[in-house]
Amino acid sequence: MMRPPTVTKPAPSSVIAPPPARSWGIDRLLSEVADWGIPVDDDRDGLLGRIWVNHTSAPDRRYRELARKLLALGFEFWSGKGYWR
């Protein structure tokens with residue numbers, strides 16, 4: 000009894016991850032952050048596709064709320080540097 004040959008996909012030699020898609024929520028939050036004067040390095044269209052928000056201190060409730068929003072949108076805190084995604 001003959002079996003049909005199984006088709007397998009070859010493993011890619013190098014996988015390049017696409018940059019993160021633009022998100023309306025992230026764009027809106029980054030605009031708010033920039034209005035507050037907090038430096039933002041938005042490299043979503045670049046090679047690494049990262050976003051850095053240089054928000055390292057939370058002196059009042061508004062800044063703590065901002066930190067919670069960043070975390071909710073998938074940003075990670077890096078002590079002394081700020082938030083990145």
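Numbers 0 to 84, taken from numbering that gives the first Met the number 0, label the letters of the sequence shown in order. We put the CB at the ideal spot given by N, CA and C, even for glycine.
Between the CA atoms of residue j and residue i - distance to the nearest angstrom
i	j	result
L86	D59	Because residue 86 is not part of the residues shown, which for the chain are 0 to 84, the question remains open.
S78	R27	24 Å
Y62	R43	24 Å
A33	A71	18 Å
R67	I37	15 Å
S56	G45	27 Å
E64	W35	13 Å
G81	L69	10 Å
H54	I25	15 Å
D41	L29	9 Å
Residues bridged to residue i [DSSP beta-bridge criterion]
i	result
G81	W77
W51	D40 and W83
Beta-carbon proximity of residue i to residue j, cut-off 8 Å
i	j	result
V52	F74	yes
W23	R49	no
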